[in-house]
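Residue numbering for the sequence shown follows the numbering used here, beginning at 7 and increasing consecutively. Beta carbons are placed, not taken as given, at the ideal position from N, Cα and C, and that holds for glycine.
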Amino acid sequence: MTKPITPVRPAGMEIIFLYQCPHCGREVTLIAPTRPAMAQCDSCRKTFPIVPVDDRALRYFKIMLAGGKAAIDPDFL
């Protein structure tokens, strides 16, 4: 008989942002884009420029949540 696998805790965290495609309206998911770039819609395949997010705000969230460790549901532990 095999031993049950213990649930795994987060090893880190990333913050995703949703950008609406100006061509078809679909939400395009990007992981914390901190520089101006072109995004490609996965539905219509057209590209569009995006406004980057503030790197300082991202670092703040990661520090405050201890890289994801502080976001663990305390009732689960």
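{"Query": "Neighbourhood of Arg32 by C-beta, 8 Å cutoff - its chain only, sequence neighbours within 5 removed", "Result": "Gln26, Cys47, Asp48, Ser49 and Cys50"}
{"Query": "Any C-beta of chain B under 7 Å from that of Pro80", "Result": "Protein chains in the displayed structure number just one, and chain B is not present."}
{"Query": "DSSP-derived helix/strand/coil call for Phe82", "Result": "coil"}
{"Query": "Residue from Pro39, Val14 and Met7 with nearest C-alpha to Ile21", "Result": "Pro39"}
{"Query": "Distance, Val14 Cα to Thr53 Cα", "Result": "37 Å"}
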